[in-house]
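Undergrad: Sharing a structure here in structure tokens format.
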Amino acid sequence: MSDTRLASLEAFLDGHPTIKYIPPSSPDYPSKREQWNTGRSDTPLAIVQPQSAADVSAVVKYAKSQNIDFTIRTGGHNIDGKAIVEGALAIDMRAIAFVNIATDRQAATIGGGILMQDVATKLGHEGLATPVGTVPSVGYVGWAMYGGYGPLSAHWGLGVDQIIGATMINGDGEVIKADEKLLKGIRGAGGLFGPILDVTVKIYPLKNVLAGAILFDSKDIAKSLVDYNVGYQKLLDSGLPSELSVQQMVFNTPTTRLYGISVMWSSDDFERGRFWVEKLACLGIIIANTVSIRNISDWMADNGAAVPLNVYGSARTHNLRQITPQVAEIIGHYITEMPSNPATVFSIHQLRGPSAAPKQNSVFATRELHYMLEILGYATVAEDRGKAEKWGVDFARALEESGEGNILPTRYISLDGSDEAHSITRIFGSNTQEVLALKKEYDPNHVFRLTVPSL
Ligand SMILES: Cc1cc2nc3c(=O)[nH]c(=O)nc-3n(C[C@H](O)[C@H](O)[C@H](O)COP(=O)(O)OP(=O)(O)OC[C@H]3O[C@@H](n4cnc5c(N)ncnc54)[C@H](O)[C@@H]3O)c2cc1C
């Protein structure tokens with residue numbers, strides 16, 4: 001069956017020589033099908049790498065005409081590895097990678113296959129920036145269109161709120177500009193409506209940032225976290241500047257487990273930035289401090305060096321209104337009990353600032369000040385997977401049971417793990433019916449079936 005489909009695909013590709021083709025027999029196939037989550041080892045029918053909008057259009061028209069299932073793959077960092085599906089054609093977008101800055105320098109059009117680091121680097125060379133995530137190899141569009149938390153979110157908002165335009169392939173394989181209605185869907189549920197060729201996003205003048213990690217004494221890691229959060233809440237109550245962002249993190253080194261914060265100050269008033277970074281540094285006993293003036297691309301490259309390339313396992317997440325003393329105690333317990341694999345990680349992002357306010361032009365649901373918890377139950381080797389996942393499941397459940405109105409009903413799709421089937425309501429909350437209606441309107445024949453989320 002797959003032989004017949006491959007023969008048909010090859011006949012189509014003969015007429016489209018610009019589209020790169022990686023069949024299962026290619027020596028490149030194993031590495032090209034690989035994703036960050038190695039635990040999912042699906043084998044696609046084949047991988048195609050379109051080089052242009054016309055190529056993507058031709059592939060979608062062909063796949064539709066032959067009723068061939070296909071997926072869209074960019075950075076391959078979907079937490080469950082859903083960009084590759086057994087027996088489906090994988091459309092690898094990574095060749096469609098460009099950044100075109102508008103002449104007024106207020107917006108940039110960014111290719112649908114570009115990776116995070118390239119966005120930061122290309123804008124950075126021009127003294128410009130837009131909100132980005134923390135890891136260089138994540139796909140920019142995949143990050144931005146589902147939410148897009150990162151160190152510039154408090155200042156300028158989530159990735160999703162930067163999107164002001166998009167070019168897509170529709171269910172007939174035609175290249176279209178997204179209208180306002182479709183843009184609303186793309187801002188939160190982007191993957192549902194077809195391959196995104198490019199997004200136009202807001203950009204801001206920013207050459208360098210004050211950024212790095214502050215690691216706290218972690219002998220009693222639970223106490224360090226509890227103490228930090230008590231102090232941080234006081235700072236928050238007295239008012240934090242929007243240029244300051246903080247992400248808490250717990251990770252394993254070969255010899256020990258560490259608790260710390262990743263800090264970014266995003267304005268060129270570095271004196272003021274140092275004042276605020278110092279206030280954060282005072283919330284614990286410092287064992288290392290790498291905060292310095294640098295560009296975002298270099299900062300991101302350093303983060304990338306600390307992230308394992310391939311993992312086994314799954315992630316869990318919760319959105320919390322506050323890190324209450326009870327929550328801090330639960331977190332303290334689970335970070336003490338955390339398995340020691342380098343891929344097992346816990347992290348807390350905070351959303352405050354412009355994106356934490358209600359918005360009518362987006363289906364992203366969690367619009368209030370909150371903490372987004374990343375519980376990464378992963379391991380670098382398959383043998384440790386069970387232990388890491390069990391830790392993650394137990395941790396998430398303990399938080400759930402602590403409830404009392406502190407846990408928000410919606411969860412961030414990009415960190416919501418696999419063993420509980422994605423509930424659309426849990427992702428989109430009160431926007432769910434609108435997402436379903438948009439899907440019906442813009443993909444009436446359900447051409448885009450293997451999407452994130454899956455409907
Ligand atoms: C190590 C790591 C770090 C992360 N850091 C952050 C972070 O700091 N902040 C945050 O908010 N999230 C973060 N995430 C989550 C990440 O943003 C999402 O998983 C994102 O969707 C990954 O995009 P990708 O292109 O790399 O993944 P892929 O697996 O290639 O794509 C994921 C899905 O997105 C869709 N898709 C991708 N590109 C396109 C396109 N051009 N057109 C249409 N659909 C497309 C497809 O449906 C695909 O199945 C992180 C994930 C990992 C694994």
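Per full-length UniProt numbering, the very first residue in the sequence shown carries number 1; after that it's consecutive. Don't be surprised by glycine CBs; every beta carbon is placed ideally from N, CA and C. Everything numeric in this text was worked out from a predicted model, so none of it was measured.
Can you grab the Cα-Cα spacing for the pair Glu306 / Phe251, in whole Å?
TA: It should be noted that the sequence gives Ala, not Glu, for residue 306. Distance between the alpha carbons of Ala306 and Phe251: 10 Å.
Undergrad: Ligand 1 heavy atoms versus the CB of Lys82: any closer than 7 Å?
TA: Checking the Cβ of Lys82 against ligand 1 gives yes.
Undergrad: Let me check you understand the geometry: is the CB of Thr317 closer than 7 Å to at least one non-hydrogen atom of ligand 1?
TA: Incorrect: Thr317 has no Cβ contact closer than 7 Å to ligand 1.
Undergrad: How many angstroms separate the CA atom of residue 461 from the CA atom of Thr324?
TA: Only positions 1 to 455 of the chain appear in the structure, and residue 461 is not among them; the question remains open.
Undergrad: Taking 7 Å as the cut-off, is the CB of Gly39 close to at least one heavy atom of ligand 1?
TA: It does not: the Cβ of Gly39 is nowhere closer than 7 Å to a heavy atom of ligand 1.
Undergrad: Hey, how far is the Cα of Gly81 from the Cα of Val345?
TA: Approximately 18 Å between the Cα atoms of the pair.
Undergrad: Go through the stretch 62-115 residue by residue and report every complete run of the beta strand (DSSP E) that reaches 3 residues or more, in order.
TA: Correct list: 70-73, 89-92, 99-101 and 107-111.
Undergrad: Span of the alpha helix (DSSP H) holding Lys234?
TA: Per DSSP, Lys234 belongs to the alpha helix (DSSP H) from Ile221 to Ser238.
Undergrad: Among the candidates Thr4, Val135, Ala54 and Leu128, whose CA atom is the shortest distance from the CA of Pro308?
TA: Checking every option, the nearest Cα to that of Pro308 belongs to Val135.
Undergrad: In the DSSP output, which residue or residues are listed as bridge partners for Lys20?
TA: Partner(s): Gln49.
Undergrad: Since residue 478 contacts Gly273 with CB under 8 Å, what's their CB separation in whole angstroms?
TA: Residue 478 falls outside the range modelled here, since the chain spans only 1 to 455, and no answer is possible.
Undergrad: Starting from Gln433, trace the alpha helix (DSSP H) both ways and give me its first and last residue.
TA: Unbroken alpha helix (DSSP H) run through Gln433: Thr432 to Tyr442.
Undergrad: Going by the C-beta, is Ile196 closer than 7 Å to any heavy atom of ligand 1?
TA: Yes, the beta carbon of Ile196 sits closer than 7 Å to at least one heavy atom of ligand 1.
Undergrad: At a cut-off of 7 Å, is Ser414 close to ligand 1 when judged by its beta-carbon and the heavy atoms of the ligand?
TA: Ser414: yes, Cβ under 7 Å from ligand 1.
Undergrad: Taking 8 Å as the threshold (C-beta atoms), are Arg352 and Leu373 in contact?
TA: Not a contact, by the Cβ cut-off of 8 Å.
Undergrad: State yes or no: is the C-beta of Leu129 within less than 8 Å of the C-beta of Ile203?
TA: One point to set straight first is that residue 129 is Ala, not Leu, in the sequence displayed. Yes.
Undergrad: Below 8 Å between beta carbons: does that hold for Ser347 and Gln247?
TA: For Ser347 and Gln247, yes; Cβs fall inside 8 Å.
Undergrad: Tell me the DSSP secondary structure of Lys279 in three-state form.
TA: Reduced to three states, the DSSP call for Lys279 is helix.
Undergrad: Could you name the residues that DSSP lists as bridge partners for Ile164?
TA: None, per the DSSP bridge assignment.
Undergrad: Mapping DSSP to helix, strand and coil, what is Pro325?
TA: Here Pro325 sits in helix by DSSP.
Undergrad: Just list the beta strand (DSSP E) runs in the stretch 281-362, keeping only unbroken ones of 3 residues or longer that don't cross its boundaries, in chain order.
TA: Within the stretch 281-362, the complete beta strand (DSSP E) runs of at least 3 residues are 286-289, 292-294, 312-320 and 345-351.
Undergrad: Answer with buried or exposed for Ala328, where buried requires no fewer than 16 other C-beta atoms within 10 angstroms of its C-beta.
TA: Result: buried.
Undergrad: Can you check which of these residues, Gly313, Leu192, Leu182 and Pro354, is closest to Pro241 by C-alpha distance?
TA: When each option's Cα is compared against that of Pro241, the closest is Pro354.
Undergrad: Might you give, ordered along the chain, the residues of its own chain that have their beta carbon closer than 6 Å to the beta carbon of Val447, omitting 5 neighbours on each side?
TA: Here the set comprises Lys64 and Gly171.
Undergrad: Look up Phe193 in the DSSP assignment and say whether it is helix, strand or coil.
TA: Note: Phe193 maps to helix in three-state DSSP.
Undergrad: When you compare the CB positions of Gly377 and Ser314, do they come within less than 8 Å of one another, or not?
TA: Their beta carbons are under 8 Å apart, which means Gly377 touches Ser314 by this criterion.
Undergrad: DSSP three-state label for Phe216, please.
TA: Reduced to three states, the DSSP call for Phe216 is strand.
Undergrad: Let me make sure I understand the geometry here. Which of Ser297, Ala46, Gly150 and Val56 has the alpha-carbon closest to that of Ile22?
TA: Ranking the options by Cα distance to Ile22, first place goes to Ala46.
Undergrad: Out of Gly39, Pro17 and Gln49, state which residue places its alpha-carbon closest to the alpha-carbon of Asp28.
TA: With distances taken between Cα atoms, Asp28 lies closest to Gln49.
Undergrad: On the CB-based measure, 16 or more other CB atoms within 10 Å of its CB, does Gly392 come out buried or exposed?
TA: Buried: at least 16 other Cβ atoms inside 10 Å.
Undergrad: What are the boundary residues of the beta strand (DSSP E) that includes Phe251?
TA: Counting along the chain, the beta strand (DSSP E) containing Phe251 begins and ends at Leu244 to Asn252.
Undergrad: Do Trp36 and ligand 1 come close, with the Cβ less than 7 Å from some heavy atom?
TA: Trp36 Cβ: within cutoff of ligand 1.
Undergrad: Cβ of Met300 within 7 Å of any heavy atom in ligand 1?
TA: No, ligand 1 has no heavy atom inside 7 Å of this Cβ.
Undergrad: For ligand 1, I want to know if Ile79 counts as a neighbour, meaning its beta carbon is within less than 7 Å of at least one of the ligand's heavy atoms.
TA: For ligand 1, at least one heavy atom lies less than 7 Å from the Cβ of Ile79.
Undergrad: In this structure, how does DSSP classify Ser57 when only helix, strand and coil are distinguished?
TA: If DSSP states are grouped into helix, strand and coil, Ser57 belongs with the helices.
Undergrad: May I ask you to check if the CB of Thr336 is nearer than 7 Å to at least one heavy atom of ligand 2?
TA: As presented, the structure is devoid of ligand 2, carrying ligand 1 as its sole ligands.
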